[in-house]
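With the numbering used here, the residue at position 94 of the sequence shown is 1345, and numbering never jumps.
The beta-carbon is built from N, C-alpha and C at its ideal position, and this holds for glycine as well.
This report refers to the structure that appears directly beneath it.
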Amino acid sequence: MSIGGVTQKPSEYEIRYYTDAECTREMNKDNPVRLSNGRAAVYVKIIPMVKGNYTLPNERDAVKGSYTVWTKGDKTKDFSNAKVTFYDAHNKKITKINYTGKSVKPEKMVVTLGGVDFESDTANTPYTYEIVNNINKGKAFVIIKAKADSGYTGTKTASFRIVSHNIKDLLFKQKPEEPTEPEKPEDPEKPTGQSKILVVYFSWSNNTERMAEFIQSQTEGDLYEIVPVTPYPTEYTPTTEVAREERDKNARPAIKDLPESIAEYDRILTSYPIWWHTAPMIIGTFLEAYDLGGVDIYPFTQSASMDVGQFQQSMQFVRECAPGAVVHEGLFARPADTGAITAYLTENGLIKETGR
Ligand SMILES: Cc1cc2nc3c(=O)[nH]c(=O)nc-3n(C[C@H](O)[C@H](O)[C@H](O)COP(=O)(O)O)c2cc1C
1252 MSIGGVTQKP SEYEIRYYTD AECTREMNKD NPVRLSNGRA AVYVKIIPMV KGNYTLPNER
1312 DAVKGSYTVW TKGDKTKDFS NAKVTFYDAH NKKITKINYT GKSVKPEKMV VTLGGVDFES
1372 DTANTPYTYE IVNNINKGKA FVIIKAKADS GYTGTKTASF RIVSHNIKDL LFKQKPEEPT
1432 EPEKPEDPEK PTGQSKILVV YFSWSNNTER MAEFIQSQTE GDLYEIVPVT PYPTEYTPTT
1492 EVAREERDKN ARPAIKDLPE SIAEYDRILT SYPIWWHTAP MIIGTFLEAY DLGGVDIYPF
1552 TQSASMDVGQ FQQSMQFVRE CAPGAVVHEG LFARPADTGA ITAYLTENGL IKETGR
């Protein structure tokens, strides 16, 4: 190093190495340089020492520079060049796995590098791996990292897809009067696998039911009624007493014939009456039964008083019961106000397009 054109002896100055641009993490045995994709930047701080001809400057005056550390250039040792293959239980190569509502992973993973196959989860594999984003539909990632001191370097990110899957044993109420339509040939114009709508509702005295049926007729979504395992009393006052206790205890009353999965729906229109200034607790039972991450939820509600504060309180309850879901500002309208309902459905792109 030279200062002011004068070459300095190493005893005149000190060099410190940092692994971050802010020079807060000094490189040492406990904090080695992490090589990612075969290289890493090392920031260098040069501090002239007190002894010799120079005085110690303020830390911020220290000279800083950076250089890049590369791996030895042996591509066969760098996992960023690896090929990753996933297999199912029958040893068949796969690129996708069916959604289950729980975290999924391929049965086997083989990482090929420099002509050598390294199977995951076997003794002495030179890498560790982590699977992320592997519950919901979409891309799941596998992050493969060379183990320290393994002779290998680098990181590789591979992916597989989680796809929806038709759940045969889904129990939905069919309207008895609806005739079964003859099978239509597939319309090539109609995109398949598109977002499906579920209209789910709970209703004690049928007002919400009317609303939900109207919504279903406009959206052509599937209709599902939430029915409690233990029916509510038929009289109003005893029902309010049961409901009040449920609300005070933040109870989750059990649902009869709850579908095992609703994974095929990515838009859920949830209708309920206001009970004790919020949603009935059984709405919480339904929402919490599933992982609704990324699902769009549209609440629809009505009440005797049409008090907006109570509606907002119910919205908050829905948000809390469906963490990860996109809970849209719902609609608070009387079931007879079909104009308001249609306007809301239209604004939110929920009306079934005709002619398709
Ligand atoms: C248990 C219970 C609690 C209720 N709590 C409220 C309330 O807090 N605020 C309100 O305005 N109406 C309340 N109501 C009235 C209902 O919201 C209203 O009658 C609604 O239209 C019922 O819908 P449904 O026919 O779908 O059950 C309550 C009704 C019941 C049965």
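What are the boundary residues of the beta strand (DSSP E) that includes residue i?
i	result
Pro1550	1547-1553
Ala1391	1389-1397
Ile1382	1378-1383
Phe1411	1406-1414
Thr1336	1334-1338
For residue i and residue j, I'd like the C-alpha separation in whole angstroms.
i	j	result
Ala1555	Glu1511	33 Å
Pro1482	Leu1543	26 Å
Ser1522	Pro1550	6 Å
Glu1429	Gln1553	Note that Glu1429 has pLDDT 44, beneath the 50 cutoff, so the model's placement of it is unreliable and no number is given.
Val1337	Val1546	According to the sequence shown, residue 1337 is Phe rather than Val. About 28 Å.
Ala1530	Tyr1452	11 Å
Lys1280	Tyr1269	12 Å
Glu1571	Pro1283	42 Å
Glu1492	Pro1524	16 Å
Arg1498	Met1532	6 Å
Val1393	Gly1581	37 Å
Phe1465	Phe1369	57 Å
Asn1342	Ala1397	25 Å
Ala1576	Thr1459	23 Å
Tyr1403	Ile1382	20 Å
Ile1519	Ile1602	13 Å
Val1559	Asp1473	28 Å
Pro1436	Ser1415	Reliability fails at Pro1436, whose pLDDT of 42 lies under 50, so the model's placement of it is uncertain and the value that follows must be treated cautiously. Rounded to the nearest angstrom, the two C-alpha atoms are 22 Å apart.
Asn1501	Ala1587	31 Å
Thr1346	Pro1377	23 Å
Ile1348	Glu1604	31 Å
Val1367	Asn1385	27 Å
Thr1485	Thr1593	32 Å
Which of the three DSSP states, helix, strand or coil, is assigned to residue i?
i	result
Val1569	helix
Asp1368	strand
Lys1353	coil
Pro1489	helix
Ala1594	helix
Ile1477	coil
Ser1401	coil
Thr1270	coil
Arg1518	strand
Asp1508	coil
Lys1326	helix
Thr1373	coil
Thr1346	coil
Glu1428	Because Glu1428 sits at a pLDDT of 42, beneath the cut-off of 50, its placement in the model cannot be relied upon, and the point is left open.
Whose C-alpha, out of the options, is nearest the C-alpha of residue i?
i	options	result
Asn1387	Asn1599, Gly1560, Glu1497, Glu1515	Glu1515
Gly1535	Tyr1541, Arg1503, His1528, Gly1560	Arg1503
Lys1669	Ser1565, Ser1354, Ile1525	In this structure the chain extends from 1252 to 1607, so residue 1669 is not present and cannot be described.
Pro1574	Asp1372, Ile1548, Met1557, Met1462	Ile1548
Ser1401	Asn1457, Thr1363, His1341, Lys1328	Lys1328
Ala1340	Ala1399, Asp1325, Met1360	Met1360
Ala1540	Ser1565, Trp1527, Ile1525, Lys1507	Lys1507
Phe1568	Trp1526, Val1383, Ala1505	Trp1526
Arg1585	Glu1497, Asn1457, Ile1602	Asn1457
Tyr1475	Val1578, Leu1582, Leu1509	Leu1509
Phe1411	Thr1589, Tyr1350, Thr1593	Tyr1350
Pro1479	Val1383, Ser1454, Tyr1403	Ser1454
Lys1326	Thr1346, Lys1344, Ile1345, Gly1365	Gly1365
Ile1395	Asn1384, Asn1385, Thr1379	Thr1379
Phe1562	Ala1587, Thr1593, His1528	His1528
Asp1517	Val1578, Arg1276, Lys1447	Lys1447
Met1462	Leu1538, Ala1591, Glu1277	Ala1591
Leu1449	Leu1538, Ser1371, Asp1271	Leu1538
Could you pull the start and end residues of the alpha helix (DSSP H) that residue i belongs to?
i	result
Ala1463	1458-1470
Ile1448	Element bounds for Ile1448: not the alpha helix (DSSP H) but the beta strand (DSSP E), 1448-1452.
Glu1277	Here Glu1277 belongs to no alpha helix (DSSP H), and DSSP marks it neither H nor E.
Gly1535	1532-1539
At least one CB of chain E closer than 8 Å to the CB of residue i: is that the case?
i	result
Asp1547	The structure shown contains no chain E; it holds only a single protein chain.
Is the stretch 1332-1346 touching the stretch 1401-1409, taking contact as three or more C-beta pairs under 8 Å? yes
Stretch pair the stretch 1463-1476 + the stretch 1591-1599: three plus CB contacts closer than 8 Å: yes
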